[in-house]
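Report on one structure; see the data block that follows.
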Amino acid sequence: MKSLSFQYPRHSLGGMLRALQTRSLSSQAAPTPANSIRDILNKSKHVPDHLSPTNSRLLTLSLSDYLPAECLEPLQPQASPSGKTAQPLPQGHHLVYFPIQARPSELHPDGTDADHWPGRPFMRRMWAGGEVRFRPGWEKDMPLDGREAVCTETVEEVRLSGEGDKAKAFVDVWRRYTVADGKGGDAAPAIEERRTLVFMPEVEALTGDAASAAAKSPPRIIKSPHTPDYAFALTPNRALLANFSALTYNAHSIHLDAALTLAEGHRALLVHGPLTLALAFAALRGAAPREGVRRLEYRNVGPLYCGERLLVCVREKEAGSRTGAADERRWDVWVEGPAGGMAVKGTAVTGAF
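Residue numbers (this note's numbering): 114 to 466.
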């Protein structure tokens with residue numbers, strides 16, 4: 114999914130639906146998305162999976178040529194261990210478990226699924242940001258021993274911003290990860306995650322000189338005011354993007370089809386939003402190896418492209434800015450593109466497990 118700079122709008126759902134029923138969001142829009150929004154809002158979906166070490170092992174292998182050794186998790190065994198030998202799910206590796214399970218025939222033409230789609234005219238999807246929270250003791254509930262686990266997914270809020278070609282629909286998807294207790298009960302989630310997706314109207318495909326001009330237009334550059342305490346650089350290539358698409362069961366064409374991204378005004382394949390989140394977890398692992406992440410919140414504020422160098426940065430906040438438990442440390446987290454502008458910005462809290 115693409116990254117996008119935005120400010121969260123604060124329109125109420127009721128007012129939004131009334132507005133949708135009285136005006137068109139686009140001069141060429143078909144029916145308003147009010148009914149589609151009602152269809153997806155506050156309806157829970159359960160996505161089962163097994164905590165096999167295979168997915169985690171493959172993610173570590175995919176990243177191993179790009180990351181410093183201190184940022185990588187130990188390579189998981191090829192078979193599921195049992196008992197006390199099983200390692201907990203590495204932080205950030207939940208992204209390659211619990212994928213949306215859809216047939217190819219159920220996908221949109223660009224390869225995206227319809228589970229969180231707010232309806233026409235919003236035919237383009239990007240990953241706008243999110244947050245991840247880890248409950249104390251979560252690692253005991255998520256060992257990679259092949260046990261059954263479940264993700265309960267709910268769309269809890271939909272917000273609109275803008276009109277016409279500038280219209281956007283922001284969809285907050287909450288995912289709560291629990292291990293099956295074998296009794297049909299609802300265990301407290303070990304991990305809670307918000308994924309904010311932004312949907313936009315379809316645009317006319319660019320060709321020829323128009324596509325080249327759009328791809329060459331200079332990006333808006335906002336530089337971080339801070340120098341990182343810890344950072345690493347990498348250049349994502351097609352192999353990394355293809356591997357991550359496969360691991361996340363994600364057929365979105367903007368990560369795989371260069372012709373499509375050029376037609377949308379981009380100069381290359383786009384790096385996945387969740388891949389940059391995995392890189393942020395890796396940077397925190399390198400900066401604070403004896404601690405775990407308790408919370409991480411982030412926004413994607415610009416695109417990152419295949420074949421272009423990026424820099425993943427973390428910086429501990431000053432002691433006076435600390436809040437919460439005495440053993441917690443707070444961090445700024447950001448990712449810079451090749452010109453030094455921020456493409457991802459966020460904050461994290463770490464502490465002892």
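No residue lacks a Cβ here, since even glycine has one placed at the ideal position from N, Cα and C.
Keep in mind that this is a model prediction, so the values were computed, not measured.
Best match in the options for proximity to residue i [C-alpha to C-alpha]
| i | options | result |
| --- | --- | --- |
| residue 222 | 365, 160 and 351 | 365 |
| residue 373 | 407, 315 and 212 | 315 |
| residue 407 | 392, 246, 291 and 191 | 246 |
| residue 155 | 300, 422 and 229 | 229 |
| residue 452 | 421, 235, 387 and 429 | 421 |
| residue 386 | 405, 349, 375 and 273 | 349 |
Counted within 10 angstroms of its Cβ, other Cβ atoms place residue i as buried (16 or more) or exposed
| i | result |
| --- | --- |
| residue 343 | buried |
| residue 362 | exposed |
| residue 398 | buried |
| residue 189 | buried |
| residue 450 | buried |
| residue 472 | Given a span of 114 to 466 for the chain in the structure shown, any question on residue 472 remains unanswerable. |
| residue 341 | buried |
| residue 413 | buried |
| residue 227 | exposed |
| residue 159 | exposed |
| residue 186 | buried |
Beta bridge counterpart(s) of residue i as assigned by DSSP
| i | result |
| --- | --- |
| residue 264 | 160 and 290 |
| residue 413 | 457 |
| residue 281 | 274 |
| residue 248 | Note: residue 248 sits in no beta bridge, so no partner. |
| residue 314 | 235 |
| residue 406 | 463 |
| residue 240 | 310 |
| residue 304 | 247 and 290 |
Collapsed DSSP secondary structure at residue i in the structure displayed
| i | result |
| --- | --- |
| residue 149 | helix |
| residue 254 | helix |
| residue 209 | helix |
| residue 297 | Any reading at residue 297 needs caution, since the residue's pLDDT is 47, under 50, leaving its predicted position unreliable; the model's value is listed next. Here residue 297 sits in coil by DSSP. |
| residue 201 | strand |
| residue 219 | helix |
8 Å Cβ cutoff met for residue i and residue j
| i | j | result |
| --- | --- | --- |
| residue 200 | residue 161 | no |
| residue 205 | residue 149 | no |
| residue 425 | residue 393 | yes |
| residue 418 | residue 380 | yes |
| residue 64 | residue 334 | For residue 64 there is no data in the structure shown, the boundaries of the chain being 114 and 466. |
| residue 311 | residue 241 | yes |
| residue 448 | residue 389 | yes |
| residue 292 | residue 303 | yes |
| residue 382 | residue 368 | yes |
| residue 283 | residue 265 | no |
| residue 357 | residue 175 | yes |
| residue 463 | residue 404 | yes |
| residue 465 | residue 446 | no |
| residue 306 | residue 288 | yes |
Any chain C beta carbon closer than 8 Å to residue i
| i | result |
| --- | --- |
| residue 463 | Of the protein chains in the structure, only one exists, and it is not chain C. |
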